[in-house]
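Note that this note's numbering numbers the sequence shown so that position 190 is 192, with each residue one more than the last. Each remark here refers to the structure printed beneath this line.
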Amino acid sequence: MMEKSQKYPDVTLLNPEGAVIDTYTKRYLELGHRFYDLFKHDLKNYQNAIFMALDLYQLKKEDKYLSMVEEASQKSLEHIEAIKEIEPFVYSGGNLGFYSFYACMNRIISKYPDREIEINGNDICVFADSAFPKLFDLMFQITLDNETKHKISFTTSEFQEDGLKKCNVKVEIHNFSIPGNALETILNEDTNSVTGDRMSLSFYVAKMILYRYSGNLKLTESTKDKTVLSVTFLSADNPVFNSNR
């Protein structure tokens, strides 16, 4: 367990320049609309499959079409349950501020005493909202469907890009590989639709939450032995934020 950061408080709320708030608000609303459209689109597909199978059963009286109805109905229910689990991540946030990575991770680690967790690098302070710690909690939850308690390593770093200071967290999930559907969700830079399985939805929402405050999620390695994700945020040590601290 790492010591609490002395450089940064847990959370410091701020009121940055209007352009920053306007961009955040626009993207926050965009995520909500996309999530609703995704939910509606997938449910409509399942509904169409049910109606089609019922029509075929009425026409041919073959039991296999009733099995198709049952399968589509089950998938529809699973999709609704997945949406219910992911929805809090979509609509969390709303208060922009400075977040200490170490402080967030201390709280998350305490929830998983049976997991092997490694933290490397210095503490970083990011400009985000209250969904920030939940994103890393999501990394643990994504692997819970598998009985293996995968080791997870987090490594922090900072860098300059386009005149801005940014923070990066490399997330290594050992002995874990991402299934094809979820993998496609991460690799697609312009994802507007996604399959309804829980892992794909989790990655989709993670990408969109990061997007709303100019962050991103990328896959840098995917093998049977290890999955490596790169999570990038704006650093709090940028002039536009420092003037409000």
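Virtual Cβ for every residue (Gly too), placed ideally from N, Cα, C.
Residue 224 carries a strand assignment under DSSP once its states are collapsed to helix, strand and coil. Pairing residue 152 with residue 168, the inter-Cα distance amounts to about 28 Å. With fewer than 16 other beta carbons inside 10 angstroms of its own, residue 124 counts as exposed. In the structure shown, residue 180 adopts coil according to DSSP, grouped into three states. Boundaries of the beta strand (DSSP E) harbouring residue 121: 119-122, taken from the DSSP string.
The beta carbon of residue 48 sits closer than 8 Å to the beta carbons of 74, 75, 77, 78 and 81 from its chain, once the five residues preceding and following it are set aside; these are given in chain order.
When DSSP states are grouped into helix, strand and coil, residue 48 belongs to the helix group.
The shortest C-alpha to C-alpha distance from residue 120 to any of 238, 157, 237 and 208 is the one to 157.
Burial is judged here by how many other beta carbons sit within 10 angstroms of a residue's own beta carbon; residue 165 has fewer than 16 and is exposed. Close CB contacts of residue 59 within its chain, under the 7 Å cut and outside five residues either way in sequence, are with 67 and 68 (chain order).
Nearest Cα to residue 160 within the set 62, 72 and 233: 233. Going by beta carbons, residue 235 and residue 138 fall outside the 8 Å limit. Taken through DSSP and simplified to helix, strand or coil, residue 174 comes out as strand.
Beta-bridge analysis with DSSP links residue 113 to no other residue. Take the alpha-carbon of residue 50 and the one of residue 72: they are about 13 Å apart. When the beta-carbon positions are compared, residue 154 and residue 180 stay at least 8 Å from each other. Closest option to residue 226, judged by alpha-carbon separation, among 217, 177, 208 and 163: 177. By the criterion of a C-beta distance shorter than 7 Å, residue 118 is surrounded in its chain by 153, once the five residues flanking it on both sides are discounted.
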